[in-house]
Amino acid sequence: PEFPAEEEDGKPQTFRRILLNAVQAQFEYLTLSLMPERLQQAAASGEELHQFYKRKSMMLATMKFIGNLFLRKLLILKVIEFALQDLGIVGVVPDEPPPEHA
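If you're matching positions, the sequence shown starts at -5 in this note's numbering and goes up one per residue.
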(Lines of atoms letter the chains of each structure in order from A and count residues from 1; the text may use other names and numbers.)
(Lines give C-alpha, C1' and ligand atoms only; values in the text may rest on other atoms or scores of the structure.)
Protein backbone atom coordinates (compact mmCIF):
# COMPACT_ATOMS: atom_id res chain seq x y z
CA PRO A 1 0.00 0.00 0.00
CA GLU A 2 1.04 3.58 -0.59
CA PHE A 3 0.52 6.48 1.76
CA PRO A 4 0.34 10.14 0.75
CA ALA A 5 3.53 12.15 0.99
CA GLU A 6 4.01 14.41 4.00
CA GLU A 7 5.24 17.20 1.72
CA GLU A 8 3.10 18.59 -1.08
CA ASP A 9 5.53 17.82 -3.89
CA GLY A 10 6.87 14.58 -2.42
CA LYS A 11 6.09 11.15 -3.79
CA PRO A 12 3.84 8.71 -1.90
CA GLN A 13 5.57 6.40 0.55
CA THR A 14 5.18 2.65 0.63
CA PHE A 15 4.82 0.60 3.80
CA ARG A 16 8.21 -0.99 3.06
CA ARG A 17 9.96 2.41 2.86
CA ILE A 18 8.34 3.62 6.09
CA LEU A 19 9.30 0.38 7.87
CA LEU A 20 12.91 0.53 6.67
CA ASN A 21 13.23 4.19 7.66
CA ALA A 22 11.95 3.37 11.16
CA VAL A 23 14.37 0.44 11.52
CA GLN A 24 17.28 2.59 10.30
CA ALA A 25 16.46 5.37 12.77
CA GLN A 26 16.22 2.87 15.65
CA PHE A 27 19.50 1.23 14.64
CA GLU A 28 21.34 4.56 14.44
CA TYR A 29 19.98 5.69 17.82
CA LEU A 30 20.93 2.44 19.54
CA THR A 31 24.38 2.35 17.90
CA LEU A 32 25.18 5.78 19.32
CA SER A 33 23.80 4.96 22.75
CA LEU A 34 25.92 1.80 23.09
CA MET A 35 29.36 3.32 22.58
CA PRO A 36 32.02 1.98 25.01
CA GLU A 37 32.37 5.35 26.75
CA ARG A 38 28.65 5.18 27.57
CA LEU A 39 29.22 1.90 29.41
CA GLN A 40 31.89 3.54 31.55
CA GLN A 41 29.50 6.38 32.36
CA ALA A 42 26.70 3.92 33.08
CA ALA A 43 28.86 1.96 35.49
CA ALA A 44 28.68 4.94 37.85
CA SER A 45 25.10 4.20 38.85
CA GLY A 46 22.91 1.13 38.88
CA GLU A 47 19.98 2.81 37.12
CA GLU A 48 22.14 3.99 34.22
CA LEU A 49 23.66 0.52 33.94
CA HIS A 50 20.16 -0.98 33.84
CA GLN A 51 19.22 1.44 31.02
CA PHE A 52 22.43 0.54 29.15
CA TYR A 53 21.61 -3.18 29.22
CA LYS A 54 18.02 -2.45 28.23
CA ARG A 55 19.29 -0.55 25.15
CA LYS A 56 21.69 -3.40 24.43
CA SER A 57 18.80 -5.86 24.47
CA MET A 58 16.85 -3.60 22.13
CA MET A 59 19.85 -3.48 19.79
CA LEU A 60 20.05 -7.26 19.66
CA ALA A 61 16.34 -7.46 18.87
CA THR A 62 16.77 -4.83 16.14
CA MET A 63 19.66 -6.78 14.62
CA LYS A 64 17.55 -9.96 14.60
CA PHE A 65 14.74 -8.05 12.92
CA ILE A 66 17.15 -6.66 10.30
CA GLY A 67 18.39 -10.21 9.68
CA ASN A 68 14.83 -11.44 9.18
CA LEU A 69 14.12 -8.58 6.76
CA PHE A 70 17.21 -9.66 4.80
CA LEU A 71 16.13 -13.29 4.73
CA ARG A 72 12.73 -12.24 3.37
CA LYS A 73 14.55 -10.22 0.69
CA LEU A 74 13.28 -6.87 1.97
CA LEU A 75 16.88 -5.67 2.47
CA ILE A 76 19.85 -6.01 0.19
CA LEU A 77 23.26 -7.28 1.29
CA LYS A 78 24.74 -3.74 1.15
CA VAL A 79 22.51 -2.71 4.07
CA ILE A 80 23.81 -5.61 6.16
CA GLU A 81 27.39 -4.65 5.26
CA PHE A 82 26.79 -1.06 6.42
CA ALA A 83 25.25 -2.31 9.67
CA LEU A 84 28.28 -4.53 10.34
CA GLN A 85 30.63 -1.64 9.61
CA ASP A 86 28.72 0.62 12.00
CA LEU A 87 29.02 -2.01 14.70
CA GLY A 88 32.76 -2.27 14.10
CA ILE A 89 32.64 -5.89 13.07
CA VAL A 90 35.62 -6.40 10.82
CA GLY A 91 35.71 -9.11 8.22
CA VAL A 92 34.78 -9.96 4.72
CA VAL A 93 31.09 -10.11 3.98
CA PRO A 94 30.33 -12.61 1.19
CA ASP A 95 28.69 -11.36 -2.01
CA GLU A 96 25.96 -13.97 -1.77
CA PRO A 97 24.01 -15.44 1.14
CA PRO A 98 24.87 -18.98 2.21
CA PRO A 99 23.15 -21.72 0.17
CA GLU A 100 20.75 -22.56 2.98
CA HIS A 101 19.39 -18.99 2.83
CA ALA A 102 19.19 -18.69 -0.96
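Glycine included, every Cβ here is placed at the ideal spot set by N, Cα and C.
Exercise. Closest by CA to Ile12, which one among Pro93, Pro(-2), Leu24 and Arg66?
Worked result: Position 18 of the sequence shown, counted from the start, is the residue given in the question as residue 12. Per the Cα distances, Pro(-2).
- Message: Determine whether the beta carbon atoms of Leu63 and Leu69 lie at a separation below 8 angstroms.
- Response: Taking the sequence shown and counting its residues from 1, one reaches residue 63 at position 69. Taking the sequence shown and counting its residues from 1, one reaches residue 69 at position 75. Contact flag set, yes.
For Gln7 and Ser39, what's the separation of their Cα atoms in angstroms? Stepping through the sequence shown from its first residue, residue 7 is reached at position 13. Stepping through the sequence shown from its first residue, residue 39 is reached at position 45. Approximately 43 angstroms between the Cα atoms of the pair.
*Determine the direct distance from the alpha carbon of Ile74 to that of Ile60, and round the result to whole angstroms.*
Position 66 of the sequence shown, counted from the start, is the residue given in the question as residue 60. Position 80 of the sequence shown, counted from the start, is the residue given in the question as residue 74. Approximately 8 angstroms, taken between the alpha carbons.
Query - Beta-carbon separation (whole angstroms), Arg49 vs Ser27, contact threshold 8 angstroms - result: Your numbering for residue 49 matches position 55 in the sequence shown. Your numbering for residue 27 matches position 33 in the sequence shown. Confirmed, about 5 angstroms.
Can Thr56 and Leu24 be called in contact, C-beta distance under 8 angstroms? Working through the sequence shown from its first residue, we reach residue 56 at position 62. Working through the sequence shown from its first residue, we reach residue 24 at position 30. Taking 8 angstroms as the Cβ cut-off, Thr56 and Leu24 qualify as a contacting pair.
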